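Sequential numbering of the sequence shown, starting at 1, is according to UniProt numbering. Please read the structure below before turning to the comments.
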Amino acid sequence: MSQSFDIAVIGATGTVGETLVQILEERDFPVANLHLLASSESAGHSVPFRGKNVRVREVDEFDFSKVQLVFFAAGPAVTLSFASRARAAGCSLIDLSGALSADEAPQIVPEANAQVLAGLKKPFQVSSPSPSATTLAVVLAPLLDVIDLQWVNVTASLAVSAQGREAVTELARQTAELLNVRPLEPTFFDRQMAFNLLAQVGKPDEQGHTLLEKRLVRELRQVMALPLLKISATCIQAPVFFGDSFSVTLQSSSAVDLAKVNAALEDAPGIELVEAGDYPTPVGDAVGQDVVYVGRVRSGVDDLSELNLWLTSDNVRKGAALNAVQVAELLIKDLL
């Protein structure tokens with residue numbers, strides 16, 4: 001591509017932001033000038049890009065008219081604070097925080113609903129869904145042609161990196177303390193995380209659902225264009241640094257043809273189907289990879305209209321940073 005673009009990344013020192021910059025370089029994204037932005041606490045740090053160390057500056061002082069596209073890879077509060085400034089400057093944006101509504105910034109997963117981009121106007125404002133919703137959408141999209149989907153039940157075992165670098169550090173510290181037979185005092189998590197499973201990620205509402213679970217349901221319905229799809233979601237915290245895993249049950253209105261399901265998954269972009277009898281894991285397969293791994297494809301024990309799957313993917317890379325860059329690639333190819 002002969003044209004290049006001035007790009008900004010907000011949250012450049014976070015786990016997702018750093019990975020996003022890395023992927024921009026790996027995929028030879030046509031960057032003319034790269035502006036790395038963060039809070040005042042992180043300003044002054046540097047991030048490597050194309051053989052140089054790019055200095056991180058404060059987002060508060062940035063003039064968005066200098067760039068054509070900005071990635072918001074920080075928290076929802078940052079997006080809400082600066083998205084309007086970016087729009088006013090004529091800058092297109094891709095938000096990864098979930099702060100913006102579907103009407104403001106539609107959720108995009110290129111393998112599932114890239115066609116939505118064609119109906120948007122400049123400056124473009126789109127969202128990259130949560131890693132969980134992205135992973136599920138990549139797998140569900142090709143299956144809609146071979147099953148009549150009635151409902152989805154998912155248990156998401158999430159890596160601690162979903163909660164940022166502080167959570168990763170806490171799991172490492174807890175693990176070291178326990179292995180060295182030292183007293184454990186949880187700080188980031190409210191109880192022992194190492195060698196344990198926590199039944200929820202975040203605080204539940206009055207009905208017992210967490211914000212992450214509700215976000216997953218909302219975003220998956222929007223990406224799949226199935227606003228009435230019944231989805232049951234449980235997010236648990238697993239003692240894993242990187243890589244989410246999902247136990248998924250899909251209910252069809254009729255008996256599932258496993259041969260057609262396997263063929264659809266085999267041919268779909270962004271998916272690596274693991275052969276029968278084997279299964280993928282986050283550490284052994286998904287971490288550092290650009291695909292969603294699918295295994296244990298099987299019917300229900302007593303119900304042939306039930307389809308069970310096991311999924312795993314790199315939550316920071318495939319679920320967040322790569323999806324956002326893939327969206328950006330579509331924007332610059334056809335629209336910017």
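For glycine and all other residues, C-beta sits at the position ideal for the given N, C-alpha and C. All figures in this text were calculated on a predicted structure; none of them were measured in a lab.
Among the options, nearest to residue i - alpha-carbon criterion
i, options, result
"Ser-39", "Gln-289, Thr-13, Lys-52 and Gly-270", "Thr-13"
"Leu-216", "Val-240, Leu-178, Leu-158 and Ala-88", "Leu-158"
"Val-31", "Asn-113, Phe-242, Leu-69 and Glu-275", "Leu-69"
"Leu-37", "Ala-8, Pro-48, Gly-51 and Gln-115", "Ala-8"
"Ala-89", "Phe-62, Asp-145, Ala-74 and Ala-114", "Phe-62"
Residue i versus residue j - alpha carbon distance
i, j, result
"Ser-247", "Leu-220", "16 Å"
"Thr-249", "Leu-330", "31 Å"
"Pro-280", "Phe-189", "28 Å"
"Thr-79", "Phe-72", "6 Å"
"Ile-23", "Gln-3", "19 Å"
"Lys-214", "Asp-290", "26 Å"
"residue 385", "Ala-328", "With the chain running from 1 to 336 in the structure shown, residue 385 is simply not present."
"Met-224", "Ala-141", "7 Å"
"Glu-18", "Leu-304", "44 Å"
"Ile-94", "Phe-241", "26 Å"
Limits of the beta strand (DSSP E) - the one that residue i falls within
i, result
"Gln-251", "244–252"
"Asn-308", "306–313"
"Lys-318", "From DSSP, Lys-318 is part of no beta strand (DSSP E); its letter is neither H nor E."
"Ala-233", "230–237"
Other residues of its chain near residue i: CB distance less than 8 Å, five sequence neighbours each side excluded
i, result
"Gly-319", "Ser-130, Pro-131, Ser-132, Thr-134, Thr-135, Asp-244 and Ser-313"
"Pro-76", "Ser-97, Gly-98 and Ala-99"
"Leu-149", "Leu-140, Leu-143, Leu-226, Leu-229, Leu-250, Gln-251 and Ser-252"
Residue i, enclosing alpha helix (DSSP H) - first and last residue
i, result
"Leu-122", "A small correction: the amino acid at residue 122 is Lys; Leu does not occupy that position in the sequence shown. That residue, Lys-122, is in no alpha helix (DSSP H); it is neither H nor E in DSSP."
"Asn-262", "258–267"
"Lys-214", "211–224"
"Lys-333", "323–334"
Other residues of its chain near residue i: CB distance less than 6 Å, five sequence neighbours each side excluded
i, result
"Arg-177", "Checking the sequence, you will find Glu at residue 177 rather than Arg. For Glu-177, where only same-chain residues beyond five positions count, the Cβ hits under 6 Å are Leu-184."
"Leu-273", "Leu-265, Glu-266 and Val-294"
"His-45", "Thr-13 and Val-56"
"Thr-155", "Thr-234 and Ser-247"
Sequence-distant residues of the same chain with beta carbon closer than 7 Å to residue i, five excluded per side
i, result
"Leu-210", "Looking at the sequence itself, residue 210 is Thr, so the reference to Leu does not match. Result list for Thr-210: Gln-200, Val-201, Gly-202, Lys-203, Pro-204 and Cys-235, in chain order."
Practice item. Kindly provide the ranges of any beta strand (DSSP E) runs that are 3 or more residues long and lie completely inside the region 269–296, ordered along the chain. Key: Whole beta strand (DSSP E) segments, 3+ residues: 271–273.
Exercise for review: Only counting runs of 4 or more residues, tell me where the alpha helix (DSSP H) segments fall wholly within the region 125–206, in order along the chain.
Suggested key: Counting whole runs of 4 or more residues, the region 125–206 contains the alpha helix (DSSP H) stretches 131–143 and 165–179.
**Study point:** Within the UniProt domain "Semialdehyde dehydrogenase NAD-binding" (6–120), ranges of the alpha helix (DSSP H) (whole runs, at least 4 residues)
**Key:** Segments of the alpha helix (DSSP H) lying fully in the UniProt domain "Semialdehyde dehydrogenase NAD-binding" (6–120): 15–26, 76–88 and 110–113.
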